[in-house]
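Under UniProt numbering, the first residue of the sequence shown carries the number 1, and numbering increases by one thereafter. Beta carbons: idealized from backbone N, C-alpha and C, even for Gly. The model shown is predicted, which means the values in this text are computed figures rather than measured ones.
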Amino acid sequence: MAALLLALLLKKNAVLEYLGRISLIALCVQGPIYRVLATLVSIPLQTSTDAVRSNFLLASLLVLMTLVLCILGYKFLDRFAPWAIGKTAKYRPCH
1 MAALLLALLL
11 KKNAVLEYLG
21 RISLIALCVQ
31 GPIYRVLATL
41 VSIPLQTSTD
51 AVRSNFLLAS
61 LLVLMTLVLC
71 ILGYKFLDRF
81 APWAIGKTAK
91 YRPCH
């Protein structure tokens, strides 16, 4: 019921619609990306990845960076390998 009310309130939201379209790709690749980023952030801080994940600000930054990398990955696949995400190749005439 709450989801239906929220959907009615939002109606058209381009950002949420875009994230919904790429959600399957993001779900598939976000785990490894998050783990690598957590490790890369923990090295200069000389702390464990668990400490990085338990810090709210660092964890939020990791989530944001992961989301950006997932979006960039989707754009890369959409441009160079659309068949990998279930799309047909776009016709691009050579001029």
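So, at 8 Å on beta carbons, what are the nonlocal neighbours of residue i in its own chain, with the 5 sequence-adjacent residues on each side left out?
| i | result |
| --- | --- |
| Y74 | I22, I25, A26, I85 |
| G77 | Before going further, note that residue 77 is Leu rather than Gly in the sequence given. Closer than 8 Å at Cβ, skipping near neighbours: I25, A84, I85. |
| K87 | D78 |
Among the residues of its own chain, which have a CB less than 7 Å from the CB of residue i, if the five just before and after it don't count?
| i | result |
| --- | --- |
| A38 | T49, V52, R53, L62 |
What are the boundary residues of the alpha helix (DSSP H) that includes residue i?
| i | result |
| --- | --- |
| G31 | 23-45 |
| S48 | Here S48 belongs to no alpha helix (DSSP H), and DSSP marks it neither H nor E. |
Please classify residue i: does DSSP put it in a helix, a strand, or coil?
| i | result |
| --- | --- |
| T81 | The displayed chain sequence assigns Ala, not Thr, to residue 81. Coil at A81, not helix or strand. |
| G86 | coil |
| M65 | helix |
| K12 | coil |
Going by beta-carbon coordinates alone, are residue i and residue j separated by less than 8 Å?
| i | j | result |
| --- | --- | --- |
| T66 | Y18 | no |
| V41 | L58 | yes |
| C70 | V29 | yes |
Got a sec? Which residues, its chain only, sit under 6 Å from residue i by beta carbon, not counting five neighbours each side?
| i | result |
| --- | --- |
| M1 | none |
| L6 | none |
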